[in-house]
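What follows is one structure encoded as structure tokens, with my remarks underneath.
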Amino acid sequence: MVKLVTAAQMKVAEDAANAAGLTYDTMMENAGRAVAQAIEEQFGATGRHITLLIGPGNNGGDGLVAARYLSDLGASVSLYIWKRRNLETDPNWQRLESYVLPAVHRADDPQGQKLADLLERSAIVVDALLGTGVSRPIEGDLADLLRTARTVIDRRRTLRPPLLVDPIDPSPAEEIGPAVVAVDLPSGLHTDTGVLDPLTLPADLTVTFAAPKRGQVLFPGAAYVGQLLIADIGIRLEYLPEDLPQLATTDFVAGLLPARPLHGHKGTFGRAMIAAGCPNYCGAPALAATAAYRVGAGLVTLAVSPPVQGLVAPKLTEATYHLLPHREGAIAAPAAGALVEGLGGYSALLVGPGLGQAETTAQFLDDLLPQLPDIPLALDADALNLLSKQSRWWTRLPPETIITPHPGEMSRLSGVPVREIEADRLDFVPERARQWGTVIVYKGAFTVVAAPDGETVVMPFANPALATAGSGDVLAGAIAGMLAQRLPPFEAAVAGAYLHGLAGELARERFGEAGVVAGDLLPLLPLAIRELAG
1297 MVKLVTAAQM
1307 KVAEDAANAA
1317 GLTYDTMMEN
1327 AGRAVAQAIE
1337 EQFGATGRHI
1347 TLLIGPGNNG
1357 GDGLVAARYL
1367 SDLGASVSLY
1377 IWKRRNLETD
1387 PNWQRLESYV
1397 LPAVHRADDP
1407 QGQKLADLLE
1417 RSAIVVDALL
1427 GTGVSRPIEG
1437 DLADLLRTAR
1447 TVIDRRRTLR
1457 PPLLVDPIDP
1467 SPAEEIGPAV
1477 VAVDLPSGLH
1487 TDTGVLDPLT
1497 LPADLTVTFA
1507 APKRGQVLFP
1517 GAAYVGQLLI
1527 ADIGIRLEYL
1537 PEDLPQLATT
1547 DFVAGLLPAR
1557 PLHGHKGTFG
1567 RAMIAAGCPN
1577 YCGAPALAAT
1587 AAYRVGAGLV
1597 TLAVSPPVQG
1607 LVAPKLTEAT
1617 YHLLPHREGA
1627 IAAPAAGALV
1637 EGLGGYSALL
1647 VGPGLGQAET
1657 TAQFLDDLLP
1667 QLPDIPLALD
1677 ADALNLLSKQ
1687 SRWWTRLPPE
1697 TIITPHPGEM
1707 SRLSGVPVRE
1717 IEADRLDFVP
1727 ERARQWGTVI
1737 VYKGAFTVVA
1747 APDGETVVMP
1757 FANPALATAG
1767 SGDVLAGAIA
1777 GMLAQRLPPF
1787 EAAVAGAYLH
1797 GLAGELARER
1807 FGEAGVVAGD
1817 LLPLLPLAIR
1827 ELAG
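Be aware that the sequence shown starts at 1297, since it is given in the numbering used here, and climbs by one per residue.
What follows is the structure, encoded as structure tokens:
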């Protein structure tokens, strides 16, 4: 995994690297080369017209280095210089002089016409204006510069291919572009908070150095990052504090996946019990149970009322059933004892998907918690809504219970408005995990998973295809399936959340961002596991 850092933490790491012998000049050389290589790999550089917007600080220095490497790759490179003074003593400018690249200085283009002309004919624009150390609002001349750039780029991006009327002699499609590449982070995005200046250029690709920045996974700024590439520029990550949130990586999650021995049987891969469903929400149990199977659980049993079982069983042939007492189809208070009696031999219990909030179901949950044997527990959906109505609800849960709130549920559980939670989610979620003694899976774009000891992992997925009813039931089932396979709660939560996110990416590739339904994710979960396993 890779640590998510603030601007101050990144500065400490850079200073430590310099003191250890990796000079600032070498870091800048490595950074600029990484930007050029990323452009070559993502878009191709040869023969492309690339304009680099060069600022006065280290970010601009990275851009000057990138210009040299892009020129070596065969790109047609132009520079637009803003407030970079003393060029005669700037080593990166001096190294560029022999390239004789066309350069426009902002002082010679106060109205921005030359900038507009450059951007009109650019296939790629590199934003190397402001780096991680800048947090002030954009104003004055830079605001005018970015306003011009946004106007040209936004207009060019609205162009669309003409309707193909004549398949024999179609009109040529107009170019859609240019691509914008941000150096370290888009200018105007706050490194630590994700707060966004209105004039920030939305990037298609951000090449960030050494470690991802917190603001790159916090909204609204995260929406302007585009594809995020983390470039190694030689800084050793042990210079960073140990207790930082981390971004989940493929290699880390692959290492969590349970082994699948050739001699294994269904007991080897665990048994999950899922207490779920009411007449209004019959799909949730089926989605959760299938997800648990699809991530490898050996046996999944649905603890449901007979009316719900009658509706679910025809569409879910693999599950077994543990029928519970009910009132008008909702799981009723006497079901607590019946469920506990049926838990022998099971390795995980999930309660909540589609449970409903009937008064008798609330009593069921209230009676269940103190009776539970020593079994890994996950609570989702209405189980959380019912819990939130009790004061100090967390004192009633077994240690390391997994809870999976979305922002609204988290607000109800904590009593804190969603707006405040979202503004501070990378600190708020681990703080509550410590306070409550639970593993929290805070759902949404860049899902946050936090353990009671403060360890925090952020999923690298922000995908509107997952914004659909039932997606959370699939996530809960995937976590339960991992828990059933005897992963510790935090690891089960991380693995389940990552697989859910990766399945969402596969669904987006197959169907697009609109129209994906929760059931589409189910057959993609084993494909996600296969992709992780290599």
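The beta carbon of each residue, even a glycine, is placed where N, CA and C say it ideally should be.
- Secondary structure note for D1749: it is in no alpha helix (DSSP H), with a DSSP letter that is neither H nor E.
- Residue pairing for Y1395: DSSP places it in no beta bridge.
- Around the beta carbon of G1797, a 10 Å sphere encloses 16 or more other beta carbons of the protein chains shown; the residue is thus reported as buried.
- Taking every protein chain shown into account, the CB of F1807 has fewer than 16 other CB atoms within 10 angstroms, so this residue is exposed.
- For R1432, the secondary structure class from DSSP, reduced to helix, strand or coil, is coil.
- Of all C-beta pairs linking the segment 1739-1748 to the segment 1487-1505, fewer than three are shorter than 8 Å, placing the two stretches out of contact.
- Counting only the Cα atoms, G1830 lies some 41 Å from E1637.
- Secondary structure at T1447: helix, using DSSP grouped into helix, strand and coil.
- Spatial neighbours of A1824 in its own chain (CB-CB distance under 7 Å, excluding positions within 5 residues in sequence) are listed in chain order as L1795, L1798, A1799, L1802.
- For R1329, the three-state secondary structure derived from DSSP is helix.
- In the three-state reduction of the DSSP assignment, K1410 falls in the helix class, which pools H, G and I.
- Here D1423 carries a strand assignment [DSSP, helix/strand/coil].
- Across the structure, I1570 and P1669 are spaced so that their CA atoms are roughly 15 Å apart.
- Beta-bridge annotation (DSSP): K1299 is paired with Q1542.
- In the same chain as L1369, and ignoring 5 residues on each side of it, the C-beta atoms closer than 7 Å to its own belong to A1332, E1336, A1341, T1342, in chain order.
- Taking the Cα of G1592 as reference, the smallest distance to any Cα among C1574, P1603, A1772, R1556 is reached at R1556.
- Counting the other CB atoms within 10 Å of its CB gives P1433 a total below 16, which places it among the exposed residues.
- Within 10 angstroms of the beta-carbon of A1544 lie 16 or more other beta-carbons, which makes it buried.
- About 11 Å separates the beta carbon of L1607 from that of C1574, a gap too long to meet the 8 Å contact definition.
- The Cβ-Cβ distance between V1421 and I1449 falls below 8 Å.
- Counting along the chain, H1618 sits inside the beta strand (DSSP E) bounded by residues 1616-1619.
- Within the segment 1353-1400, the runs of beta strand (DSSP E) that reach at least 3 residues and sit entirely inside it are, in chain order, 1372-1377.
- When the alpha-carbon of G1773 is set against those of A1632, P1784, L1646, R1364, the nearest one is in L1646.
- About 5 Å separates the beta carbon of V1745 from that of V1790, a gap short enough to meet the 8 Å contact definition.
- Here Q1305 is buried, its C-beta having at least 16 other C-beta atoms within 10 Å.
- Cα atoms of R1453 and L1540: separation of roughly 37 Å, rounded to the nearest angstrom.
- By alpha-carbon distance to A1729, the top candidate from E1705, W1690, A1677, K1611 is W1690.
- Here F1548 carries a helix assignment [DSSP, helix/strand/coil].
- The Cβ neighbour count for H1561, taken over all protein chains shown within 10 Å, is under 16; the residue is labelled exposed.
- Contact check for L1619 against L1635 fails: the beta carbons are separated by 8 Å or more.
- A direct Cα-to-Cα measurement between E1614 and I1736 gives close to 29 Å.
- Here DSSP, grouped into helix, strand and coil, assigns F1339 to coil.
- When beta bridges are read from the DSSP output, K1509 appears opposite V1301.
- For V1714, there is no enclosing beta strand (DSSP E); the enclosing alpha helix (DSSP H) covers residues 1714-1719.
- Nearest C-alpha to G1490 among L1722, G1733, D1749: L1722.
- Three or more beta-carbon pairs separated by less than 8 Å link the segment 1343-1351 to the segment 1424-1443, which places the two stretches in contact.
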